[in-house]
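Residue numbering for the sequence shown follows the UniProt record's numbering, beginning at 1 and increasing consecutively.
Each residue gets a CB set at the ideal place from its N, CA and C atoms; glycine is no exception.
First up is the structure itself, then whatever we jot down about it.
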Amino acid sequence: MDRDINKSSDRYRRRVLFANIHSFASRTSAHGLSRFFSQQIPWLRLLWIVVVMGALTGLTMHTYKQISLFRDYPVSSTTRLLTNKFTFPDVTICDPLMKKFLRKQSSDLRRSNESILNYFVLSYMMAMQFANNKNSNQSDEAISVQATKMAYASFEHAVHTWPIFNMTEVSARMLDMLVFCQYNQETCSEKDFKVFYHRDYGNCFSFKPHNRLMKSSGVEKGLVLVLYSPSVDHIQNNDWYSNIVTTGLETGGLRVVVHQKDTIPYPSEYGINSPSGMQTVLALNQVQTSLANTPTKQCEPRTRFHAYDHILGNTQSYEKQLTDCTTFEHMKRVRDKCNCTIEGPVPTETYGSGERRINFCHDIMGAQNPERTIKLIKNMVEFLRKNRNDLINPRNNQLNMLAYNNLPMHEKQAISAALEHEFHNEVKQRLKSLRCALPELRSGRSQSKCLNMCKYTTYDFSVFQSRWPDLSLEIRGANIRLARIAQMLKNRVDSLNRNITNNHALNHSIASHNLNLSHCMVNELNLKSNKFRNDTYCNQVHNIIRQCFLQLRVYPKTLTVRQLFEERSYELVNLFSDLGGIMGLWIGVSMVTLCEFAEIILIILSYNIRALLAKLPSLTRSRRACGATRRETWSCVAEAEGQSLTCPIGCKRHGELAASIDSRQSPSRSKSYDHSVNPNLYRQPRLLTGNNSQEDAAIATVRQLLQSGLRGNAAGDPGNGLLNSSTGASIGKETRL
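If you want it as structure tokens, here you go:
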């Protein structure tokens, strides 16, 4: 009997569900659905099915495209201009012709100490077998050049690490190059420059002003420098290293790079040449860039890091930039693969601060440990004395560099291999690291995974160059300009002589050229004839200045700063707007229509949940109390209506309700429905009994029973009440006939 009651209840709920679905399809504002349900002609109904399915397909594809566009996170750029906000950058100067200008020549340094001389020659011997790239056809001269570069790279470690050397004796200084300095129309000096070691150029110098905010623009503002380039002065003794490695393609002068303040300069990548005998003018435009950090185009926040310079022996703080990341990534790859580090500033996060135990790739002889290296040098020299006495200088018992260099290439490499074999345990790890690192250094950097900075500053510049000083003294005004330059040089030399006791490059050059600048002053110039009293002598001074000096001007072209902002061009609000237009285009759906769909989905879910709960046998058996649940009430009504069965014992009012409903039934009762009231099949179903008076009586009886049930509940007699108030109200609403 319970099974029959459940079936009857399921049929009723299913009928109500179909009525709701049909009502939704007929009244929804979505295009096409109502036409499909209301259309009676089959082929038109099929046509509307095709139309609706096509619209849904177009909606799906269009929606997918817009969502894909949103997930690509497109960005757009916006330009803004800030007036009077120009900040002066760092300006770094390097001499590309002198790997490192040594005030004391490297040949003198090698001769000054027996261990140093032997160290250099042995480094040259050991490097000989690595200089030959087996994958290319190199000449003997090219192999010697590569070996010389490796030997000098190793030699630098000894010069800057061993305590017998003083950095001030061997390193280039800004005072050796600076003749005149003016910043923002105020005098500056070498104290405004900081040294920076570059593995290709040696010591470079970065101008770092205290006040960077510029108040006016123009060629007369900014930085004005007159510099002396020692590497192009023939008076300065040519170093043996320079004679070997020079290719003839270099240009005389300096290498200049303009970069954001407190960043590592990269003169090889971003520098320009400022040749001697020329005035080089850089007109700057400041550009501030702010990138959008999106999942598809990520960037790093602005940060600082510390880098340790093993040559200078100090740690400095820098702002991070993209080139730093790619450089350190390359260094890390070499270190992980070859267990050695490329020369240059290394981040302290990876290598530690002030670390002298770093294993550098070009440190062939192990200069980082002087005591052990000196012992190794003595043992190697003793080995060569026994086996190749012709390489020992009989006058001082030191290795003869010239004798070794005159040997055939195959013999040089044989000696190098013999040294490696004999002292394999001492040099095994360093030679292995160098052998591993050389292909990495030749191949350069690989594809990087580094991210750009979200905010960074760059300086676009225009370069202008002209002859300085004048090409000839015959040019109008050339003599008076030469007199001003001579006065400038004389003032600088006098200042250096007063403040520095030892020799310096500029003083050495002036003295070696035997120049008396006093003969070329303004008081020696005949203004009428526009000639100096000793015109021939001043012509010589003019030629030397054109050969060895240059002028550099760096100034803001405009004080207006250009800001570039990146921002997302397709936000979530744009996506919703487009989706609304897409749904309106294809199926005419709005937010209200979506609420209609949500309503019908909730109705369907409610039906399925009720059906699932109705099938649970434990729920049916555990609730037998009359009027306890809405489900049992409906089961009893359905049982009385459909099967004319007796309700559970004790359910008097249920029995009366069932009897009244049963009295409505007649043998001529039909299962058809009155479509004259409403043409919708499942909307407001009405049974045809043929006896309206009986229907009215049945309805009145149901209402009376419901009211009495409610009064019984209100009186506190749940047993006599038909249902509680909420259940009774529900039945009164849902059992309309």
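(message) DSSP three-state label for residue 739, please.
(response) Outside the modelled stretch of the chain, which goes from 1 to 737, sits residue 739, for which no answer is possible.
(request) Per DSSP, which residues does Asp460 bridge with? Please list them. (result) To locate residue 460, count along the sequence shown from 1; it is residue 460. In DSSP, Asp460 forms a bridge with Asn285.
(request) Over the uninterrupted alpha helix (DSSP H) stretch that includes Tyr607, give me the two end residues. (result) As a working note, residue 607 is residue 607 in the sequence shown. Following the DSSP letters along the chain, one finds Tyr607 inside the alpha helix (DSSP H) bounded by residues 591–614.
(message) Assuming the contact rule is C-beta atoms closer than 8 Å, Glu566 and Ser77 should be a hit. Round their C-beta distance to whole Å, please.
(response) Walking along the sequence shown from the start, residue 566 turns up at place 566. Walking along the sequence shown from the start, residue 77 turns up at place 77. Contact flag correct, Cβ pair sits at about 6 Å.
(message) Rounded to whole angstroms, what is the Cα-Cα separation between Gly58 and Arg71?
(response) Position 58 of the sequence shown, counted from the start, is the residue given in the question as residue 58. Position 71 of the sequence shown, counted from the start, is the residue given in the question as residue 71. Here the C-alpha atom of Gly58 lies approximately 20 Å from the C-alpha atom of Arg71.
(request) Let me know if Asp200 comes out buried or exposed under the rule of 16 or more other beta-carbons within 10 Å of its beta-carbon. (result) For the purposes of this step, residue 200 is taken as residue 200 along the sequence shown, with counting starting at 1. Classification of Asp200: exposed, given that the 10 Å Cβ count is below 16.
(message) Relative to the C-alpha of Phe205, which candidate in Lys215, Ser189, Met214 has its C-alpha closest?
(response) The sequence position of residue 205 within the sequence shown is 205, counting from 1. Among Lys215, Ser189, Met214, the Cα nearest to that of Phe205 is on Ser189.
(message) Looking at Leu550: is its Cβ nearer than 8 Å to the Cβ of Ser268?
(response) Here the question's residue 550 lines up with position 550 in the sequence shown. Here the question's residue 268 lines up with position 268 in the sequence shown. For Leu550 and Ser268, no; Cβs fall outside 8 Å.
(request) Using beta-carbon positions only, say whether Leu564 and Thr289 come within less than 8 Å of one another. (result) Here residue 564 is taken as the residue at index 564 of the sequence shown, counted from 1. Here residue 289 is taken as the residue at index 289 of the sequence shown, counted from 1. In this structure, Thr289 lies closer than 8 Å to Leu564 by Cβ.
(request) Could you check if Ile377 is buried or exposed, using at least 16 other CB atoms within 10 Å of its CB as the buried criterion? (result) For this step, residue 377 is matched to residue 377 along the sequence shown. The Cβ neighbour count for Ile377, taken over all protein chains shown within 10 Å, is at least 16; the residue is labelled buried.
(message) Strictly by DSSP, which residues pair up with His198?
(response) Translated into positions along the sequence shown, residue 198 becomes position 198. Looking at the DSSP output, His198 bridges to Gly202.
(message) With a threshold of 7 Å on Cβ separation, who are the neighbours of Asp140 within its own chain once the five nearest residues in sequence on each side are excluded?
(response) For the purposes of this step, residue 140 is taken as the residue at position 140 of the sequence shown. Only Met409 meet the Cβ criterion.
(request) Compare the Cα-Cα distances from Ser569 to each of Thr63, Leu44, Val75, Phe36 and report the closest residue. (result) The residue labelled residue 569 in the question sits at position 569 within the sequence shown. The shortest Cα separation from Ser569 among Thr63, Leu44, Val75, Phe36 belongs to Val75.
(message) Given a cut-off of 8 Å on the beta-carbon distance, is the pair Leu81 and Thr560 in contact?
(response) Position 81 of the sequence shown, counted from the start, is the residue given in the question as residue 81. Position 560 of the sequence shown, counted from the start, is the residue given in the question as residue 560. Yes, Cβ-Cβ distance for Leu81 and Thr560 is below 8 Å.
(request) Go through its chain and collect everything with a Cβ distance to Leu441's Cβ below 8 Å, but skip five positions before and after it. (result) For this step, residue 441 is matched to residue 441 along the sequence shown. Cβ neighbours of Leu441 beyond the five flanking positions: Val334, Ile342, Cys361.
(message) At the level of alpha carbons, what is the spacing between Thr251 and Cys340?
(response) The count along the sequence shown starts at 1 and reaches residue 251 at position 251. The count along the sequence shown starts at 1 and reaches residue 340 at position 340. The alpha-carbon atoms of Thr251 and Cys340 are separated by roughly 33 Å.
(message) Below 8 Å on the Cβ atoms is my contact criterion, and I expect Met128 with Ala147 to pass it. Report the Cβ-Cβ distance as a whole number of Å.
(response) Taking the first residue of the sequence shown as 1, we reach residue 128 at position 128. Taking the first residue of the sequence shown as 1, we reach residue 147 at position 147. Contact holds; Cβ gap of about 5 Å.
(message) What would DSSP say about Ser622, mapped onto helix, strand or coil?
(response) Here residue 622 refers to the residue found at position 622 of the sequence shown. Here Ser622 scores only 45 on pLDDT, less than 50, and its place in the model is too uncertain to base an answer on.
(message) Can you tell me which residues form a DSSP beta bridge with Arg255?
(response) Taking the sequence shown and counting its residues from 1, one reaches residue 255 at position 255. Note: Arg255 sits in a beta bridge opposite Cys94, Asn273.
(request) Given a cut-off of 8 Å, decide if Met150 and Ile364 are closer than it, judged by their beta-carbon atoms. (result) Along the sequence shown, one-based indexing puts residue 364 at 364. Along the sequence shown, one-based indexing puts residue 150 at 150. Yes, Cβ-Cβ distance for Ile364 and Met150 is below 8 Å.
(request) Assign Ile480 to buried or exposed, taking buried as 16 or more other Cβ atoms, counted over all protein chains shown, within 10 Å of its Cβ. (result) Position 480 of the sequence shown, counted from the first residue, corresponds to residue 480. Around the CB of Ile480, fewer than 16 other CB atoms lie within 10 Å, so the residue is classed as exposed.
(message) According to DSSP, simplified to helix, strand and coil, what is Thr83?
(response) Along the sequence shown, one-based indexing puts residue 83 at 83. In the structure shown, Thr83 sits in coil (DSSP, three-state: anything other than H, G, I, E or B).
(request) Give the DSSP bridge partners of Gln182, in chain order. (result) To locate residue 182, count along the sequence shown from 1; it is residue 182. Beta-bridge analysis with DSSP links Gln182 to Thr187, Val224.
(request) Could you name the residues of the same chain whose beta carbon sits closer than 6 Å to that of Tyr183, not counting the 5 residues immediately before and after it, in chain order? (result) Here residue 183 refers to the residue found at position 183 of the sequence shown. Setting aside the 5 residues that flank it on each side, Tyr183 is surrounded in the same chain by Pro209, Leu223, each with a C-beta closer than 6 Å to its C-beta; the list follows chain order.
(message) Per the DSSP calculation, Glu300 is bridged to which residue(s)?
(response) Within the sequence shown, residue 300 is the residue found at index 300, counting from 1. Paired residue(s): Met453.
(request) Report the rounded CA-to-CA distance for Arg467 versus Met278, giving the unit in angstroms. (result) Numbered from its first residue, the sequence shown carries residue 467 at position 467. Numbered from its first residue, the sequence shown carries residue 278 at position 278. Inter-residue distance for Arg467 and Met278 is about 4 Å (C-alpha atoms, whole angstroms).
(request) Please state whether DSSP places Asn502 in a helix, a strand or coil. (result) On the sequence shown, position 502 is the one that residue 502 refers to. In the structure shown, Asn502 sits in coil (DSSP, three-state: anything other than H, G, I, E or B).
(message) Considering only the alpha carbon of each residue, which of Leu69, Ile41, Thr28 lies closest to Leu572?
(response) Taking the first residue of the sequence shown as position 1, residue 572 is located at position 572. Per the Cα distances, Leu69.
(message) Determine whether the beta carbon atoms of Arg45 and Phe36 lie at a separation below 8 Å.
(response) The sequence position of residue 45 within the sequence shown is 45, counting from 1. The sequence position of residue 36 within the sequence shown is 36, counting from 1. A contact, by the Cβ cut-off of 8 Å.
(request) Using three-state DSSP, classify Phe193 as helix, strand or coil. (result) In the sequence shown, the residue the question calls residue 193 occupies position 193. DSSP places Phe193 in strand when its eight states are reduced to three.
(message) Please classify Gln260 as buried or exposed, where buried requires at least 16 other C-beta atoms within 10 Å of its C-beta.
(response) Taking the first residue of the sequence shown as 1, we reach residue 260 at position 260. Here Gln260 is buried. Its C-beta has 16 or more other C-beta atoms within 10 Å.
(message) For the region 319–326 against the region 481–494, do three or more pairs of beta-carbon atoms, one drawn from each stretch, fall closer than 8 Å, so that the two count as touching?
(response) Put simply, the region 319–326 does not touch the region 481–494. Fewer than three CB pairs are less than 8 Å apart.
(message) By the DSSP assignment, the beta strand (DSSP E) with Tyr555 in it spans what residues?
(response) Translated into the one-based positions of the sequence shown, residue 555 becomes position 555. Run containing Tyr555: 549–556, per the beta strand (DSSP E) assignment.
(message) Please state the DSSP three-state secondary structure of Ala307.
(response) In the sequence shown, counting from the first residue as 1, residue 307 sits at position 307. Under the three-state reduction of DSSP output, Ala307 falls in the strand class.
(message) Please list the terminal residues of the continuous alpha helix (DSSP H) segment that includes Gln413.
(response) Here the question's residue 413 lines up with position 413 in the sequence shown. Where Gln413 is concerned, the enclosing alpha helix (DSSP H) stretches over 409–422.
(request) Can you check DSSP and say which residues form a bridge with Met278? (result) Looking up residue 278 in the sequence shown gives position 278. When DSSP reads this structure, Met278 sits in a beta bridge with Arg467.
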